[in-house]
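Trainee: One structure follows; several queries about it will come next.
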Amino acid sequence: MTAAATDPRVAGVDLHAQFPEALDGHGPLVVTDLVQDSRAVTPGAGFVALRGTREHGLAHAEDAAARGAGVILWDEADAGPSAASPGAPCVHVPGLRALLPAMAQRVFGAWPEAAPIVAVTGTDGKTSVTHLIAAALERLGTPAGLVGTLGVGRPGQLHPAGHTTPGVLELHRHLAGLAREGCEAAALEASSHGLVQGRLDGVPVRVAVLTRLGTDHLDFHGSQAAYAEAKATLFDRPGLCTRVINADDELGHELLRRPVPEGITDVTWGLESSAAMARAEAIQAGPEGLHFVLVADGRRVPVRSRLYGRFQVENLLATLAALHALGHAWEAAADAVAELPGVPGRMERHDLPGGAQLVVDYAHTAQALEAALSALRPHVRGRLFVVFGCGGDRDRGKRPAMGRVAMRAADRVIVTDDNPRHEDAAAIRQAVLQGCDDPARCREMGDREAAVRTAVADAGPGDIVLLAGKGHETTQQIGDRFHPFSDRELAARLAREGISGEGER
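Position 499 (the sequence shown) corresponds to 499 in the UniProt record's numbering; numbering is contiguous.
In structure tokens form, the structure reads like this:
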């Protein structure tokens with residue numbers, strides 16, 4: 001069945017017929033789309049004007065009308081739309097915000113009731129766990145989509161989403177699109193902003209997963225307690241069946257202390273808590289990846305993974321617990337994660353023919369670079385290389401600090417260009433080199449591809465080359481121009497070309 005045959009927007013949807021009470025007194029209101037961004041309006045679309053953090057959507061009503069909006073729906077305005085004279089029918093809809101999920105489902109199509117949705121929240125790990133869950137479900141024979149930081153789509157076929165958790169209309173649009181593509185499950189990231197702002201309203205989350213909570217977004221939430229409580233709202237949603245909770249986490253402890261909502265079961269996991277349902281023992285790291293024993297429900301299940309970094313054990317435990325919550329046996333779940341390649345641009349491993357590995361990661365701060373190098377060290381049997389640079393028009397103070405981290409944590413360092421933007425690239429490299437105190441182990445090479453090729457050619461069996469800074473990005477900004485450049489594509493190309501060597505030790 002084609003997407004067009006199942007997309008309600010093709011024929012148009014009469015909102016008045018679907019919501020007669022809310023739109024009482026108005027004739028047919030047929031729309032071919034429903035958007036909150038006037039720039040996305042197409043002829044016949046309904047434009048939803050609500051109050052935002054800076055202004056009311058009615059400020060863009062004229063733009064929406066000029067682009068062909070069929071109707072403008074509005075609420076919560078200080079003044080009616082007459083002042084704007086938008087030139088399109090304007091309908092005041094009391095309680096419009098609360099109606100948006102239902103309207104979205106009528107206009108875009110509803111997510112299938114039988115298809116489970118897993119929502120993942122936390123400060124650390126939610127992008128990785130969301131991706132791993134969707135990819136593992138595919139291995140288990142369930143076509144699965146994902147929505148998150150890296151985009152929307154099937155694993156390996158993502159397109160940009162704009163936000164970690166899209167707005168309520170966009171999220172329902174994405175889910176309906178995934179359903180039309182044949183997805184029978186979905187995994188999505190639930191950010192604290194998205195939860196507080198109701199972006200997940202109307203989404204039938206069946207399994208909620210907590211990774212690990214840190215400190216973030218205090219400028220928005222005001223306090224750590226408010227931030228944690230925003231995350232906690234995911235775990236008492238109507239229709240929720242299972243909570244997958246990190247028993248090592250402070251918020252996890254709090255959730256487990258609270259009464260379990262009726263009809264909800266808990267699956268707990270952790271590295272430290274002996275009471276967790278799923279635990280990891282005998283953790284080993286090597287060039288081939290990770291090995292550990294999953295202890296769950298009285299079973300001892302060997303787990304192997306291609307992923308690098310001990311922190312990935314937590315991500316794998318959360319993934320295994322989520323798969324179990326969806327009805328999969330622990331053994332089947334372990335088999336499903338064994339060959340997963342990991343998250344695009346996040347400690348993404350590429351095996352080189354000579355026995356070395358090239359790892360692409362987004363680390364672009366001193367703290368993140370040190371964490372990435374420290375995570376890789378247990379997997380290294382030879383030398384650890386790092387190729388990185390610093391972006392222009394950004395924090396200049398971190399540049400020598402990143403140089404010092406690289407020298408301390410790696411055996412060989414090549415300082416190259418990142419996104420110079422409007423700064424002199426050579427000057428940026430020199431600032432980084434101020435932190436490099438051993439010229440014998442550190443060199444400068446501005447051309448990023450040449451720098452990577454040099455490191456790869458010098459790497460031998462048991463060596464790992466970390467290419468840090470850009471991760472999943474697909475361009476390099478020099479001045480005002482964005483040049484096509486992907487660390488991931490370069491790494492894949494080098495793996496195919498077979499360029500690696502024995503290098504001097």
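Quick reminder that beta carbons are idealized off the backbone N, C-alpha and C, glycines included. The model shown is predicted, which means the values in this text are computed figures rather than measured ones.
Taking the alpha helix (DSSP H) that Thr-127 falls in, what are its first and last residues?
Mentor: Walking along the sequence shown from the start, residue 127 turns up at place 127. Residues 126-139.
Trainee: Nearest CA to the CA of Ser-374: which residue from Val-343, Ala-338, Asp-411?
Mentor: As a first step, residue 374 is located in the sequence shown; it is residue number 374 there, counting from the start. Comparing Cα-Cα distances from Ser-374 to each of Val-343, Ala-338, Asp-411, the minimum goes to Asp-411.
Trainee: Got a sec? Which residues, its chain only, sit under 6 angstroms from Val-48 by beta carbon, not counting five neighbours each side?
Mentor: Here the question's residue 48 lines up with position 48 in the sequence shown. Cβ neighbours of Val-48 beyond the five flanking positions: Gln-36, Leu-73.
Trainee: At 3 residues or longer, what runs of the beta strand (DSSP E) sit wholly inside the region 168-204?
Mentor: Counting whole runs of 3 or more residues, the region 168-204 contains the beta strand (DSSP E) stretches 185-189.
Trainee: Which of the three DSSP states, helix, strand or coil, is assigned to Leu-307?
Mentor: Sequence index remark: in the sequence shown, residue 307 carries index 307 (1-based). The answer is coil: DSSP assigns Leu-307 none of H, G, I, E or B.
Trainee: I need the DSSP call for Leu-433, collapsed to helix, strand or coil.
Mentor: Along the sequence shown, one-based indexing puts residue 433 at 433. If DSSP states are grouped into helix, strand and coil, Leu-433 belongs with the helices.
Trainee: For the alpha helix (DSSP H) that contains Phe-485, what are its first and last residues?
Mentor: The count along the sequence shown starts at 1 and reaches residue 485 at position 485. Neither: Phe-485 is in no alpha helix (DSSP H) and is coded neither H nor E.
Trainee: Between which two residues does the alpha helix (DSSP H) containing Leu-34 stretch?
Mentor: For the purposes of this step, residue 34 is identified with residue 34 of the sequence shown, where counting begins at 1. Run containing Leu-34: none in the alpha helix (DSSP H); it sits in the beta strand (DSSP E), 33-35.
Trainee: What residues in its chain sit with their C-beta under 8 angstroms from that of Leu-393, if we drop five residues either side in the sequence?
Mentor: The count along the sequence shown starts at 1 and reaches residue 393 at position 393. Inspection of the sequence shows that residue 393 is occupied by Asp rather than by Leu. Answer for Asp-393: Arg-421, His-422, Glu-423, listed in chain order.
Trainee: Thinking just about the alpha-carbon of each residue, which of Pro-20, Glu-288, Val-207, Gly-342 is nearest to the one in Leu-326?
Mentor: What you label residue 326 is simply residue 326 of the sequence shown in a count that begins at 1. If we check each option's Cα against that of Leu-326, Val-207 comes out closest.
Trainee: How many angstroms separate the CA atom of His-159 from the CA atom of Leu-178?
Mentor: As a first step, residue 159 must be located in the sequence shown, where it is residue number 159. As a first step, residue 178 must be located in the sequence shown, where it is residue number 178. Straight-line Cα distance between these residues: approximately 12 angstroms.
Trainee: Hey, is the region 97-116 in contact with the region 191-207, meaning 3+ C-beta pairs nearer than 8 angstroms?
Mentor: They touch, by the three-pair rule.
Trainee: May I have the straight-line CA-CA distance separating Ala-368 from Lys-470, to the nearest angstrom?
Mentor: Here residue 368 corresponds to residue number 368 of the sequence shown, with the count starting at 1. Here residue 470 corresponds to residue number 470 of the sequence shown, with the count starting at 1. When rounded, the distance between both Cα atoms is 12 angstroms.
Trainee: Hey, Leu-210 and Gly-270 are a contact pair by Cβ (cut 8 angstroms); roughly how many whole angstroms apart?
Mentor: Locating residue 210 in the sequence shown gives position 210, counting from the first residue. Locating residue 270 in the sequence shown gives position 270, counting from the first residue. 11 angstroms between Cβ atoms; not a contact.
Trainee: What would DSSP say about Gly-109, mapped onto helix, strand or coil?
Mentor: Translated into positions along the sequence shown, residue 109 becomes position 109. If DSSP states are grouped into helix, strand and coil, Gly-109 belongs with coil.
Trainee: Can you name the residues that DSSP bridges to Cys-390?
Mentor: Here residue 390 refers to the residue found at position 390 when the sequence shown is read from its first residue. Per DSSP, none; premise fails for Cys-390.
Trainee: Just to confirm, are Thr-233 and Leu-195 a CB contact at a threshold of 7 angstroms?
Mentor: Numbered from 1 along the sequence shown, position 233 holds the residue referred to as residue 233. Numbered from 1 along the sequence shown, position 195 holds the residue referred to as residue 195. The answer is yes: Cβ separation under 7 angstroms.
Trainee: From Val-432 to Gly-342, what does the alpha carbon distance come to, in whole angstroms?
Mentor: Within the sequence shown, the letter at position 432 stands for residue 432. Within the sequence shown, the letter at position 342 stands for residue 342. In a straight line, the C-alpha of Val-432 is about 30 angstroms away from that of Gly-342.
Trainee: What residues match up with Asn-246 in a beta bridge as DSSP calls it?
Mentor: Along the sequence shown, read from residue 1 onward, the residue named residue 246 stands at position 246. Per DSSP, Trp-269.
Trainee: Give the single residue among Leu-23, Gly-70, Val-244, Gly-382 whose Cα lies nearest to the Cα of Val-41.
Mentor: Here residue 41 refers to the residue found at position 41 of the sequence shown. Closest option to Val-41, Cα to Cα, is Gly-70.
Trainee: Quick check: Leu-467 and Val-360, are their CB atoms within less than 7 angstroms of each other?
Mentor: Locating residue 467 in the sequence shown gives position 467, counting from the first residue. Locating residue 360 in the sequence shown gives position 360, counting from the first residue. A contact, by the Cβ cut-off of 7 angstroms.
Trainee: By a C-beta neighbour count over all protein chains shown, 10 Å radius and 16 as the cutoff for buried, is Arg-396 buried or exposed?
Mentor: Counted from its first residue, the sequence shown places residue 396 at position 396. Looking at its Cβ environment, which holds fewer than 16 other Cβ atoms inside 10 Å, Arg-396 is exposed.
Trainee: Should Arg-399 be labelled buried (16 or more other beta-carbon atoms within 10 Å of its own) or exposed?
Mentor: As a position in the sequence shown, residue 399 is number 399, starting the count at 1. Buried is the call here.
Trainee: Quick check on the DSSP output: the alpha helix (DSSP H) that includes His-350 runs from which residue to which?
Mentor: Here the question's residue 350 lines up with position 350 in the sequence shown. Looking at the DSSP string, His-350 is not in any alpha helix (DSSP H); the run it does join, the beta strand (DSSP E), is 348-351.
Trainee: Within the same chain, show all residues whose beta-carbon is closer than 7 angstroms to that of Arg-299, passing over the 5 residues directly before and after it, in chain order.
Mentor: Taking the first residue of the sequence shown as position 1, residue 299 is located at position 299. Hits under 7 angstroms: Trp-330.
Trainee: Indicate whether the contact test is met: 3 or more Cβ pairs, each with one atom in the region 19-26 and one in the region 46-64, closer than 8 angstroms.
Mentor: Output reads no: the region 46-64 does not touch the region 19-26.
Trainee: Who are the Cβ neighbours of Ile-478 in its own chain at under 7 angstroms, not counting the five residues just before and after it?
Mentor: Within the sequence shown, residue 478 is the residue found at index 478, counting from 1. Taken in chain order, the residues that qualify are Pro-420.
Trainee: What does the alpha-carbon distance come out to for the pair Leu-494 and Arg-448?
Mentor: Counting from 1 along the sequence shown, the entry for residue 494 is found at position 494. Counting from 1 along the sequence shown, the entry for residue 448 is found at position 448. Leu-494 and Arg-448: Cα-Cα distance of roughly 13 angstroms.
Trainee: From the DSSP secondary-structure annotation, give me the bridge partner or partners of Glu-281.
Mentor: In the sequence shown, counting from the first residue as 1, residue 281 sits at position 281. Paired residue(s): Val-293.
Trainee: Do the region 170-185 and the region 106-125 touch if we need at least three Cβ pairs shorter than 8 angstroms?
Mentor: Output reads yes: the region 106-125 touches the region 170-185.
Trainee: Can you name the start and end residues of the beta strand (DSSP E) that Ala-49 belongs to?
Mentor: Within the sequence shown, numbered from 1, the residue matching residue 49 stands at position 49. 45-49 is the span of the beta strand (DSSP E), which, as asked, contains Ala-49.
Trainee: Round the Cβ separation of Ala-409 and Glu-370 to the nearest angstrom and send it over; I've been treating them as touching at under 8 angstroms.
Mentor: Stepping through the sequence shown from its first residue, residue 409 is reached at position 409. Stepping through the sequence shown from its first residue, residue 370 is reached at position 370. Yes, they are in contact, since the Cβ atoms of Ala-409 and Glu-370 sit about 6 angstroms apart, within 8 angstroms.
Trainee: For a quick check, are the C-beta atoms of Thr-32 and Arg-9 less than 7 angstroms apart?
Mentor: The sequence position of residue 32 within the sequence shown is 32, counting from 1. The sequence position of residue 9 within the sequence shown is 9, counting from 1. A contact, by the Cβ cut-off of 7 angstroms.
Trainee: My output table needs one value for Phe-385: the three-state DSSP class, helix, strand or coil.
Mentor: Reading the sequence shown from its first residue, position 385 is the one you call residue 385. Three-state DSSP puts Phe-385 in a strand.
Trainee: Within this structure, are the beta carbons of Ala-136 and Leu-323 separated by less than 7 angstroms?
Mentor: The residue given as residue 136 occupies position 136 in the sequence shown. The residue given as residue 323 occupies position 323 in the sequence shown. Yes.
Trainee: DSSP three-state label for Ala-371, please.
Mentor: For the purposes of this step, residue 371 is taken as the residue at position 371 of the sequence shown. Helix, per DSSP.
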